[in-house]
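Undergrad: Sending over a structure as structure tokens; questions will come in a sec.
Chains as they are written, first to last, in my numbering: chain A, -12 to 253; chain B, 346 to 707.
If you want it as structure tokens, here you go:
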């Protein structure tokens, strides 16, 4: 009995390790490729060097691209959280005519293949005579990311007792005071995870940026174009850095969540 | 009756109030006066419209027709935050991200009372509802069910309302604690002199605490009266059955004026003269289990029935017998001293006097 349980535990951890290896080994491979001295990746790596990292950091072009990506991701995060917050309240909290239709329509963009969505948006922009740039890319990202963030915040809203807002009103709070004292503090965890998702989804998005960013490049777009023509180990170097930025955002988000939970549990 | 300056003035008045949601009639047209300083309980099964009635009084729903006035001023559209009323919700609706103290201080904070004065008042109210001062900084979600009740109560009192509404706040509390909290609530009512309007589906709760009880069924206010009136003079079969376990016998008018024939049990019965059934052809006789006697040899009563004992239950100080009379099961309650020591299957004669029974319409 005890032995059987130990064997199960061993198999479970073995399986978990295997899956983790499968998921993270390729990423590690990217990191290794960026650290190899040669221009082309070969395994095992013969000689290590930080040359390509240094050159990536020094590149003005890459600096601009990273700036673009950060700007787009930051704007998308801010705007999508604002839209999604009110959208989530309409989605999950208030009963109104047309709510069911809204619930379906708002989620629809998620189910479109992103290249199709990107192409459609590109055609739409050109029909309207709008020059595509990083700004149109922000719009395109929003079309896809706002629904995701809405869904994330809506989950938090579903776990929210509507009687709390009613009680606050009944105890003399104005609409604004209810929002500040009750609704926002209770929805913070959902808003934070929504913001985190928005940033990560925008930061890593390739298909929408490819179609709608016009002449402006973003990190994923640059990685792709260099893979097609003109590969250097700066591609895996920037790729690894981009992954590290995402990881840092995740870590920061997790820390903030922990702080929020600690404060509410005091 | 509670002591108050203006004892017989209504504080809240409902005239012709009706509430519909689409085609559904939640509350049928009703008139009701809530008196200054009274403890009024609205009782009814779930779906009887009692919560909707309360929500209209609190300003969370507007009536579809009719008027609600507060001390003579029409308040149909006045929002809850403007009314001098406060509700203790069924879920209590305590703010989970705030401490006990912050919860209690909430209405004061909304009014812009400085932090120091707020804390002083919160601690004072914690004393009133018997919460230890050390709970001030405690997370409300870490409080027990009874403690949360007290926090909710203190928070409502901090608003300093003229009328306090209660939407079944004790429904999820275990029996023993419930009894304690009922008594405390009644004491609090007397001490504060405020008007309490309480909603429950438990008649027992209503009987213990209220000055007056209103009984609701399917959106209608069937009867309003003191607990004694409701108990002794229920207006219909529903109210009488809602008041606890009773024996109900369907009867038809026989030849004589006070003479009735049983429909579901054989026999002829006399009823005390009563306005409610003066010209009715059919009626129900309601006999409470404690008014049914087991007739010994030679003993007599106005009415009698023959039956067979088939079950016996000990109810603490009393013993309940189930007696099968024809197709019907009658309940008889005797004190332990009167216990029958009878085996199931034994034949007994049950009797009651006309003045101990209540005649009601359906």
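We put the CB at the ideal spot given by N, CA and C, even for glycine.
Check whether the stretch 140 to 160 of chain A touches the stretch 425 to 442 of chain B, taking contact to mean three or more Cβ pairs, one atom from each stretch, closer than 8 Å.
TA: The stretch 140 to 160 of chain A, when compared against the stretch 425 to 442 of chain B, does touch it at the 8 Å Cβ threshold.
Undergrad: Please state if the CB of residue 506 of chain B and the CB of residue 430 of chain B are separated by a distance shorter than 8 Å.
TA: Position 85 of the second chain, counted from the first residue, corresponds to residue 430 of chain B. Position 161 of the second chain, counted from the first residue, corresponds to residue 506 of chain B. Their beta carbons are under 8 Å apart, which means residue 430 of chain B touches residue 506 of chain B by this criterion.
Undergrad: Give me the residue from A:98, A:157 and A:60 with the minimum Cα distance to residue 292 of chain B.
TA: In the structure as shown, chain B starts at 346 and stops at 707, and residue 292 of chain B therefore has no counterpart that could be examined.
Undergrad: By how many angstroms is the C-alpha of residue 361 of chain B removed from the C-alpha of residue 534 of chain B?
TA: Stepping through the second chain from its first residue, residue 534 of chain B is reached at position 189. Stepping through the second chain from its first residue, residue 361 of chain B is reached at position 16. Distance between the alpha carbons of residue 534 of chain B and residue 361 of chain B: 29 Å.
Undergrad: Beta strand (DSSP E) containing residue 125 of chain A: first to last residue?
TA: Taking the first residue of the first chain as position 1, residue 125 of chain A is located at position 138. Where residue 125 of chain A is concerned, there is no enclosing beta strand (DSSP E), although the alpha helix (DSSP H) it sits in stretches over 121 to 145.
Undergrad: Since residue 628 of chain B and residue 640 of chain B should fall inside the 8 Å C-beta cutoff, what is the C-beta to C-beta distance between them, to a whole number of angstroms?
TA: For this step, residue 628 of chain B is matched to residue 283 along the second chain. For this step, residue 640 of chain B is matched to residue 295 along the second chain. Contact flag wrong, Cβ pair sits at about 24 Å.
Undergrad: Considering Cα atoms alone, identify which of B:612, B:583 and B:642 is closest to residue 338 of chain B.
TA: Residue 338 of chain B cannot be examined here, being either before or after the span of chain B that is shown, 346 to 707.
Undergrad: Using CA coordinates, which residue listed in B:669, B:692, B:686 and B:646 is at the minimum distance from residue 700 of chain B?
TA: One-based indexing of the second chain puts residue 700 of chain B at position 355. For residue 700 of chain B, the nearest C-alpha among the options comes from B:646.
Undergrad: Does residue 423 of chain B come within less than 8 Å of chain A when only Cβ atoms are used?
TA: Working through the second chain from its first residue, we reach residue 423 of chain B at position 78. With 8 Å as the cut-off, residue 423 of chain B does not count as an interface residue toward chain A.
Undergrad: Mapping DSSP to helix, strand and coil, what is residue 705 of chain B?
TA: Counting from 1 along the second chain, the entry for residue 705 of chain B is found at position 360. DSSP places residue 705 of chain B in strand when its eight states are reduced to three.
Undergrad: Report the neighbours of residue 161 of chain A on chain B: residues whose CB is nearer than 9 Å to its CB, in chain order.
TA: Here residue 161 of chain A refers to the residue found at position 174 when the first chain is read from its first residue. Under the 9 Å cutoff, chain B gives 426 and 455.
Undergrad: Taking a cut of 8 Å between CB atoms, which residues from the stretch 135 to 169 of chain A lie near chain B?
TA: Listed by position, the residues of the stretch 135 to 169 of chain A near chain B (Cβ gap below 8 Å) are 148, 150, 151, 153, 154, 155, 156, 157, 158, 159, 160, 161, 164, 168 and 169.
Undergrad: Between the stretch 541 to 548 of chain B and the stretch 376 to 387 of chain B, do at least 3 Cβ pairs fall closer than 8 Å?
TA: Yes, they touch.
Undergrad: According to the neighbour-count rule (16 or more other Cβ atoms, all chains shown, within 10 Å of its Cβ), is residue 234 of chain A buried or exposed?
TA: Along the first chain, read from residue 1 onward, the residue named residue 234 of chain A stands at position 247. Exposed: under 16 other Cβ atoms inside 10 Å.
Undergrad: Work out the CA separation of residue 674 of chain B and residue 138 of chain A for me, nearest whole Å.
TA: Within the first chain, residue 138 of chain A is the residue found at index 151, counting from 1. Within the second chain, residue 674 of chain B is the residue found at index 329, counting from 1. Looking at the two C-alpha atoms, the distance is approximately 57 Å.
Undergrad: Using a Cβ cut-off of 9 Å, which residues of the stretch 169 to 181 of chain A contact any Cβ in chain B, in chain order?
TA: Within the stretch 169 to 181 of chain A, the residues whose Cβ lies closer than 9 Å to some Cβ of chain B are 169, 172, 173 and 175, listed in chain order.
Undergrad: Sorted by chain position, which residues of the same chain lie with C-beta nearer than 7 Å to residue 134 of chain A's C-beta, five sequence neighbours on each side aside?
TA: For the purposes of this step, residue 134 of chain A is taken as the residue at position 147 of the first chain. 93, 94, 96 and 97.
Undergrad: Figure out for me which residue from B:554, B:587, B:578 and B:692 has the closest Cα to the Cα of residue 702 of chain B.
TA: For the purposes of this step, residue 702 of chain B is taken as residue 357 along the second chain, with counting starting at 1. With distances taken between Cα atoms, residue 702 of chain B lies closest to B:578.
Undergrad: Can you tell me which of B:613, B:625, B:598 and B:632 puts its alpha carbon nearest to the alpha carbon of residue 589 of chain B?
TA: Indexing the second chain from 1 puts residue 589 of chain B at position 244. The option with the nearest alpha carbon to residue 589 of chain B is B:632.
Undergrad: Between residue 49 of chain A and the rest of its own chain, which residues show a CB-CB distance below 8 Å, the 5 nearest in sequence each way excluded?
TA: In the first chain, counting from the first residue as 1, residue 49 of chain A sits at position 62. Taken in chain order, the residues that qualify are 43, 209, 221 and 225.
Undergrad: Closest to residue 58 of chain A by C-alpha separation, out of A:105, A:109, A:126 and A:89, would be which residue?
TA: Residue numbering aside, residue 58 of chain A sits at position 71 when the first chain is read from its first letter. Considering only alpha carbons, the answer is A:126.
Undergrad: How many whole angstroms separate the CB atoms of residue 653 of chain B and residue 690 of chain B, which I take to be in contact at a CB cut-off of 8 Å?
TA: Counting from 1 along the second chain, the entry for residue 653 of chain B is found at position 308. Counting from 1 along the second chain, the entry for residue 690 of chain B is found at position 345. The Cβ separation is near 6 Å, so the contact holds.
Undergrad: Take residue 152 of chain A as the anchor and find which of B:426, B:529 and B:519 has the nearest alpha-carbon.
TA: Here residue 152 of chain A is taken as the residue at index 165 of the first chain, counted from 1. Closest option to residue 152 of chain A, Cα to Cα, is B:426.
Undergrad: Applying the criterion that 16 or more other CB atoms from any shown protein chain within 10 Å of the CB defines a buried residue, is residue 446 of chain B buried or exposed?
TA: Locating residue 446 of chain B in the second chain gives position 101, counting from the first residue. When all chains shown are included, residue 446 of chain B counts as buried.
Undergrad: Within the continuous beta strand (DSSP E) that includes residue 99 of chain A, where are the two ends?
TA: In the first chain, counting from the first residue as 1, residue 99 of chain A sits at position 112. First-last for residue 99 of chain A: undefined, no H or E at that position.
Undergrad: Report the neighbours of residue 332 of chain B on chain A: residues whose CB is nearer than 9 Å to its CB, in chain order.
TA: Since the first and last residues shown for chain B are 346 and 707, residue 332 of chain B lies out of range.
Undergrad: Residue 782 of chain B touches chain A at which residues, Cβ-Cβ below 7 Å?
TA: Any answer about residue 782 of chain B is impossible in this case: the structure gives chain B only from 346 up to 707.
Undergrad: List the whole-angstrom C-beta distance separating residue 128 of chain A from residue 195 of chain A, where the pair is believed to meet the contact cut-off of C-beta under 8 Å.
TA: Position 141 of the first chain, counting from 1, holds the residue named residue 128 of chain A. Position 208 of the first chain, counting from 1, holds the residue named residue 195 of chain A. Sure, about 6 Å apart at Cβ, within 8 Å.
Undergrad: Is the CB of residue 488 of chain B under 8 Å away from at least one CB in chain A?
TA: Taking the first residue of the second chain as position 1, residue 488 of chain B is located at position 143. With 8 Å as the cut-off, residue 488 of chain B does not count as an interface residue toward chain A.
Undergrad: With a CB to CB cut of under 7 Å and the five nearest residues on each side skipped, what residues in its chain are close to residue 176 of chain A?
TA: By one-based count along the first chain, residue 176 of chain A stands at place 189. So the qualifying residues of the chain are 143, 244 and 247.
Undergrad: If you drop the 5 nearest sequence neighbours on each side, which residues of the same chain put their C-beta closer than 8 Å to that of residue 483 of chain B?
TA: The residue labelled residue 483 of chain B in the question sits at position 138 within the second chain. Closer than 8 Å at Cβ, skipping near neighbours: 444 and 445.
Undergrad: So, helix, strand or coil for residue 432 of chain B, using DSSP?
TA: For the purposes of this step, residue 432 of chain B is taken as the residue at position 87 of the second chain. It is a strand residue.
Undergrad: Which one or two residues does DSSP pair with residue 664 of chain B in a beta bridge?
TA: Within the second chain, residue 664 of chain B is the residue found at index 319, counting from 1. Paired residue(s): B:659 and B:679.
Undergrad: Please report the distance separating the alpha-carbon of residue 493 of chain B from that of residue 527 of chain B.
TA: Here residue 493 of chain B refers to the residue found at position 148 of the second chain. Here residue 527 of chain B refers to the residue found at position 182 of the second chain. About 15 Å.
Undergrad: Give the DSSP-derived three-state secondary structure of residue 90 of chain A in the structure shown.
TA: Taking the first chain and counting its residues from 1, the one referred to as residue 90 of chain A is at position 103. Note: residue 90 of chain A maps to helix in three-state DSSP.
Undergrad: Return the chain-ordered list of same chain residues with a C-beta closer than 7 Å to the C-beta of residue 671 of chain B, the five sequence neighbours on each side being excluded.
TA: Position 326 of the second chain, counted from the first residue, corresponds to residue 671 of chain B. So the qualifying residues of the chain are 610 and 611.
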